[in-house]
Amino acid sequence: SAAANASLPLSPAVKRLVEENSLNPAAIPATGKDGRITKGDVLKAIETGTASAPAASAPSAPQAAKPAPRVDDIREERVPMTRLRRVIASRLKEAQNNAAMLTTFNEVDMSAVMALRSEYKESFEKSYGVRLGFMSFFVKAVISALKEFPAVNAEIHGDDIIYKNFYNIGVAVGTPQGLVVPVLKDADVMSFAETEASVNAFGLKARDGQLSMADLSGGTFTISNGGVYGSMMSTPILNPPQSGILGMHNIQKRAVVISGKDG
Numbered sequence: 428s429a430a431a432n433a434s435l436p437l438s439p440a441v442k443r444l445v446e447e448n449s450l451n452p453a454a455i456p457a458t459g460k461d462g463r464i465t466k467g468d469v470l471k472a473i474e475t476g477t478a479s480a481p482a483a484s485a486p487s488a489p490q491a492a493k494p495a496p497r498v499d500d501i502r503e504e505r506v507p508m509t510r511l512r513r514v515i516a517s518r519l520k521e522a523q524n525n526a527a528m529l530t531t532f533n534e535v536d537m538s539a540v541m542a543l544r545s546e547y548k549e550s551f552e553k554s555y556g557v558r559l560g561f562m563s564f565f566v567k568a569v570i571s572a573l574k575e576f577p578a579v580n581a582e583i584h585g586d587d588i589i590y591k592n593f594y595n596i597g598v599a600v601g602t603p604q605g606l607v608v609p610v611l612k613d614a615d616v617m618s619f620a621e622t623e624a625s626v627n628a629f630g631l632k633a634r635d636g637q638l639s640m641a642d643l644s645g646g647t648f649t650i651s652n653g654g655v656y657g658s659m660m661s662t663p664i665l666n667p668p669q670s671g672i673l674g675m676h677n678i679q680k681r682a683v684v685i686s687g688k689d690g
């Protein structure tokens with residue numbers, strides 16, 4: 428038998444036998460024409476075991492990538508609370524623990540306010556140098572309601588109810604450090620322009636971390652405007668020792684039946 432001619436292709440049947448039995452074609456003695464390997468040559472090589480292919484070295488299993496070491500400083504960060512935040516957290520938790528809180532939800536038609544604001548906002552800003560926002564309307568409405576229901580502008584002290592004959596309205600302001608509530612002192616005697624200017628000034632001081640404890644104390648009622656965040660509904664927490672808080676939310680346009688045959 429002659430050595431196999433490596434340049435000659437294997438027939439399909441021979442090739443299949445060679446691959447199925449992991450044989451080395453070059454090691455199979457060829458008896459076919461021009462050194463071709465026949466099916467019989469392959470079968471004989473299988474019987475004698477003379478043409479086994481050298482075992483290929485098993486590829487080394489790829490090593491699993493080691494997870495990056497955990498760095499606790501990246502996964503979490505411990506930051507001491509400021510004195511202001513400690514006071515706020517303590518007071519809000521106190522309210523949850525000590526007050527029997529109830530939240531009621533009502534819808535308000537803001538069409539008249541929207542129309543009035545749209546009509547006068549440009550002239551208002553030119554006259555007073557401050558934009559006409561919604562908060563001044565909310566403050567005036569709250570004071571009117573508190574005058575009608577003085578028990579809401581009161582606080583409980585021991586066995587006594589202390590009625591406040593003044594109206595210090597807290598206005599919740601969001602800051603990078605959290606929610607703070609500066610107080611508009613004697614808001615009932617403030618004009619719309621004074622109210623808007625004071626709210627803007629509080630916002631700047633809150634942003635810069637310059638609110639003092641005096642700015643945040645003495646409130647008799649609080650307004651929280653969640654509408655600036657697009658919120659439709661929430662349950663604001665009382666600001667103790669106050670008896671009430673008003674949460675204003677997103678203003679939306681939608682179709683509403685105003686009157687019909689049934690009234």
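Take any residue in the sequence shown, count from 1 to its spot, add 427: that is its number in our numbering.
The C-beta atom is built at its ideal place from N, Cα and C for all residues, glycine as well.
Predicted, not measured: the structure shown is a model, and the values here were computed from it.
One or two residues paired with residue i in a DSSP bridge
{"i": "Gly605", "result": "Thr602"}
{"i": "Glu546", "result": "DSSP lists no partner for Glu546."}
{"i": "Thr649", "result": "Gly597, Ile672"}
{"i": "Glu582", "result": "Ile589"}
{"i": "Val610", "result": "Gly597"}
Any chain B beta carbon closer than 8 Å to residue i
{"i": "Leu606", "result": "No chain B is part of this structure, which consists of one protein chain only."}
Burial state of residue i, where buried means 16 or more other Cβ atoms lie within 10 Å
{"i": "Met562", "result": "buried"}
{"i": "Tyr590", "result": "exposed"}
{"i": "Asp613", "result": "exposed"}
{"i": "Asp468", "result": "buried"}
{"i": "Asn652", "result": "buried"}
{"i": "Gly388", "result": "Absent from the structure is residue 388, since the part of the chain shown begins at 428 and ends at 690."}
{"i": "Ser625", "result": "buried"}
Simplified DSSP state of residue i, which is helix, strand or coil
{"i": "Ile570", "result": "helix"}
{"i": "Gly671", "result": "coil"}
{"i": "Thr622", "result": "helix"}
{"i": "Ala527", "result": "coil"}
{"i": "Phe593", "result": "coil"}
{"i": "Val441", "result": "helix"}
{"i": "Ser484", "result": "Because Ser484 sits at a pLDDT of 49, beneath the cut-off of 50, its placement in the model cannot be relied upon, and the following sentence gives the value as read from the coordinates. It is coil, neither helix nor strand."}
Among the options, nearest to residue i - alpha-carbon criterion
{"i": "Ala682", "options": "Phe648, Ser538, Glu549, Asp586", "result": "Ser538"}
{"i": "Leu435", "options": "Ile464, Val445, Leu444", "result": "Ile464"}
{"i": "Leu559", "options": "Tyr594, Asn627, Thr647, Leu470", "result": "Asn627"}
{"i": "Tyr555", "options": "Lys442, Asp587, Ala453, Glu623", "result": "Glu623"}
{"i": "Arg510", "options": "Leu470, Phe648, Leu643", "result": "Leu643"}
Residue i CB to nearest heavy atom of the ligand NAD below 7 Å
{"i": "Pro439", "result": "By its list of ligands, the structure shown contains no ligand whatsoever, and the ligand NAD lies outside what it can speak to."}
*Flag this pair as touching only if the stretch 646-660 and the stretch 628-638 have three or more C-beta atom pairs under 8 Å; answer yes or no.*
No, because fewer than three Cβ pairs between the stretch 646-660 and the stretch 628-638 fall closer than 8 Å, the two stretches do not touch.
*At a cut of 8 Å, does the stretch 501-518 reach the stretch 600-608 through at least three beta carbon pairs?*
yes
*Hey, is the stretch 619-626 in contact with the stretch 552-568, meaning 3+ C-beta pairs nearer than 8 Å?*
Yes, the stretch 619-626 touches the stretch 552-568.
*Any chance the stretch 544-556 sits against the stretch 670-678, with 3 or more Cβ pairs inside 8 Å?*
no
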